[in-house]
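Single-structure report; data block below.
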Amino acid sequence: MIQLTPFPLTCTPYSGESLAGFIVRLAERLCWRDAAALAAAAGLTFPGCSVSRADLTSLAELSQVPVNVLSEMSYHPVERQEHRRFLGGQVHREFLIRHRRFCPHCLGESAYHRAEWDFALLATCPRHAVHILAECPKCQRRIQWKPPCIAKCACGQELADVRAMDASDADVLAAVRILGLATGGDHQWLPGILRSCDGADLVGTSMRLGMFLAGWRPRHSADTLISATTVQLADIVRKGTDCLAACPKDFHLFLRTRLCGAARRRGRYVEQEGIAKAFNDWLAGQVSGTT
Ligand SMILES: [Zn+2]
Ligand SMILES: [Zn+2]
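The opening position of the sequence shown corresponds to residue 1 in the numbering used here, with each subsequent residue numbered one higher.
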């Protein structure tokens with residue numbers, strides 16, 4: 001590993017900033033070729049170091065930011081299998097995405113990458129009531145982690161100038177709720193019978209409920225959401241959180257609907273989904289009250 005010498009120019013992490021976003025800003029500030037080169041000099045992969053149990057000591061020396069602060073910004077593994085730390089809470093790793101997304105209004109206020117944009121179920125910026133974007137309207141490509149910087153697309157488009165679609169009040173409420181579940185925030189909107197449930201579990205349940213209710217055709221896993229439009233994602237999150245909020249009434253309605261639907265096309269359903277039989281058995285038990 002290269003012997004690192006701290007630079008006089010540094011940058012201070014923002015509250016809620018992601019580790020990957022901070023490395024991009026640091027590389028820009030220190031005039032490195034790109035974030036991956038700076039990360040490599042610190043013995044890290046980029047942006048993978050955000051979600052691994054990487055040793056951040058060299059990055060701390062280079063940036064002059066305490067290693068515990070950098071660690072808090074990362075999504076390092078926690079004791080629970082396949083789960084990652086996330087903004088004070090924890091989520092299954094399937095909910096942490098690696099491609100860049102952004103809210104143009106947030107970037108216009110301050111050019112840093114908010115960690116919440118890496119949460120796969122966040123469809124709407126809760127502060128600006130617009131949908132989160134993943135593509136540049138100028139080059140029509142996904143925003144990359146590569147240069148030039150957090151504020152611009154690689155084609156030169158200023159991301160703060162991009163127009164984002166307005167979101168409804170219901171979408172904003174759903175975003176606040178799902179983010180709260182992921183980050184260990186306010187659970188008071190949940191009915192009493194769900195308040196003692198683990199937030200990470202409720203995130204997964206909410207997504208799958210929303211996918212069923214929205215008629216999402218691909219597999220019911222977070223990685224399939226990369227093909228969803230922001231409107232489809234918002235619909236899934238809204239329906240899922242609404243269903244949790246109305247539990248048990250809407251939840252039982254959902255279960256009965258799914259059970260009837262599954263019974264009608266049982267052969268095809270079981271063939272396509274490996275876990276379908278177990279899920280159907282669970283649904284049957286839930287509806288009959290035997291599980
Ligand atoms: Zn915003
Ligand atoms: Zn572009």
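We put the beta carbon where it would ideally sit given N, CA and C, even for glycine.
Since V91 contacts A182 with CB under 8 Å, what's their CB separation in whole angstroms? The count along the sequence shown starts at 1 and reaches residue 91 at position 91. The count along the sequence shown starts at 1 and reaches residue 182 at position 182. Right, their Cβ atoms sit about 5 Å apart.
Give the DSSP-derived three-state secondary structure of V270 in the structure shown. For the purposes of this step, residue 270 is identified with residue 270 of the sequence shown, where counting begins at 1. Confidence is the limiting factor: at V270 the pLDDT is only 45, short of 50, which leaves the residue's position unreliable, though a coordinate-based value still follows. In the structure shown, V270 sits in a helix (DSSP, three-state: H, G or I).
Taking the beta carbon of S15 as the centre, do at least 16 other beta carbons fall within 10 Å, making it buried, or is it exposed? Here residue 15 refers to the residue found at position 15 of the sequence shown. With fewer than 16 other Cβ atoms within 10 Å, it is exposed.
Please report the straight-line C-alpha distance between V292 and G89, rounded to a whole angstrom. The structure shown has nothing for residue 292, since the chain only spans 1 to 291.
Under 8 Å, do A39 and C49 count as touching if we go by C-beta distance? Within the sequence shown, residue 39 is the residue found at index 39, counting from 1. Within the sequence shown, residue 49 is the residue found at index 49, counting from 1. Result yes, Cβ atoms of A39 and C49 sit closer than 8 Å.
Should S74 and T10 be called a contact, given that it needs their Cβ atoms to be closer than 8 Å? By 1-based counting over the sequence shown, the position of residue 74 is 74. By 1-based counting over the sequence shown, the position of residue 10 is 10. For S74 and T10, no; Cβs fall outside 8 Å.
Sequence-distant residues of the same chain with beta carbon closer than 8 Å to R100, five excluded per side: Residue numbering aside, residue 100 sits at position 100 when the sequence shown is read from its first letter. Excluding residues up to 5 positions away in sequence, H113, W117, A134, R142, I143, Q144, W145 lie with their Cβ nearer than 8 Å to the Cβ of R100 in the same chain.
With DSSP collapsed to three states, give me the class of G289. Within the sequence shown, residue 289 is the residue found at index 289, counting from 1. Annotation note: pLDDT 47 at G289 (below 50); position unreliable, no value reported.
Given a threshold of 16 other Cβ atoms within 10 Å of its Cβ, counted over all protein chains shown, does P13 qualify as buried or as exposed? Here residue 13 refers to the residue found at position 13 when the sequence shown is read from its first residue. By the C-beta density criterion, P13 is buried, having at least 16 other C-beta atoms within 10 angstroms.
How would you call R268, buried or exposed, if buried means at least 16 neighbouring beta carbons within 10 angstroms? Your numbering for residue 268 matches position 268 in the sequence shown. Confidence at R268 is low in this model, with a pLDDT of 49, below 50, so the placement of that residue should be treated as unreliable; the coordinate-derived value is given next. R268 comes out exposed.
Any 3 or more C-beta pairs closer than 8 Å across the region 158-177 and the region 239-251: With the cut-off at 8 Å, the region 158-177 and the region 239-251 touch.
Limits of the unbroken beta strand (DSSP E) element including G292: What the structure shows of the chain is the stretch from 1 to 291, and residue 292 is not part of that stretch, so it cannot be assessed.
Quick one: residues in its chain with C-beta nearer than 7 Å to the C-beta of E94, no 5 flanking neighbours on either side, listed in chain order? Within the sequence shown, residue 94 is the residue found at index 94, counting from 1. Excluding sequence neighbours, E94 sits near S221, A222, D223.
To the nearest angstrom, report how far apart C103 and E17 are at their CA atoms. The sequence position of residue 103 within the sequence shown is 103, counting from 1. The sequence position of residue 17 within the sequence shown is 17, counting from 1. Each residue's alpha carbon lies about 13 Å from the other.
Cβ pair L96, R80 closer than 8 Å: As a working note, residue 96 is residue 96 in the sequence shown. As a working note, residue 80 is residue 80 in the sequence shown. For L96 and R80, no; Cβs fall outside 8 Å.
May I ask whether a heavy atom of ligand 2 can be found less than 7 Å away from the beta carbon of R141? Start at 1 with the first residue of the sequence shown, and residue 141 comes out as number 141. Answer for R141: yes, Cβ within range of ligand 2.
For Y14, which three-state DSSP category applies? Here residue 14 refers to the residue found at position 14 of the sequence shown. Here Y14 sits in coil by DSSP.
Taking DSSP's pairing of strands, which residues face P77 in a bridge? As a working note, residue 77 is residue 77 in the sequence shown. As computed with DSSP, P77 is found in a beta bridge with R84.
Beta-carbon proximity check, A123 vs H131, cutoff 8 Å: Within the sequence shown, numbered from 1, the residue matching residue 123 stands at position 123. Within the sequence shown, numbered from 1, the residue matching residue 131 stands at position 131. Taking 8 Å as the Cβ cut-off, A123 and H131 qualify as a contacting pair.
Roughly how many angstroms lie between the CA atoms of Q188 and W32, to the nearest whole one? The residue given as residue 188 occupies position 188 in the sequence shown. The residue given as residue 32 occupies position 32 in the sequence shown. Q188 and W32 have their C-alpha atoms spaced approximately 46 Å apart.
Just the C-alpha distance for L209 and R256, rounded to the nearest angstrom, thanks. Here residue 209 is taken as the residue at index 209 of the sequence shown, counted from 1. Here residue 256 is taken as the residue at index 256 of the sequence shown, counted from 1. The alpha-carbon atoms of L209 and R256 are separated by roughly 13 Å.
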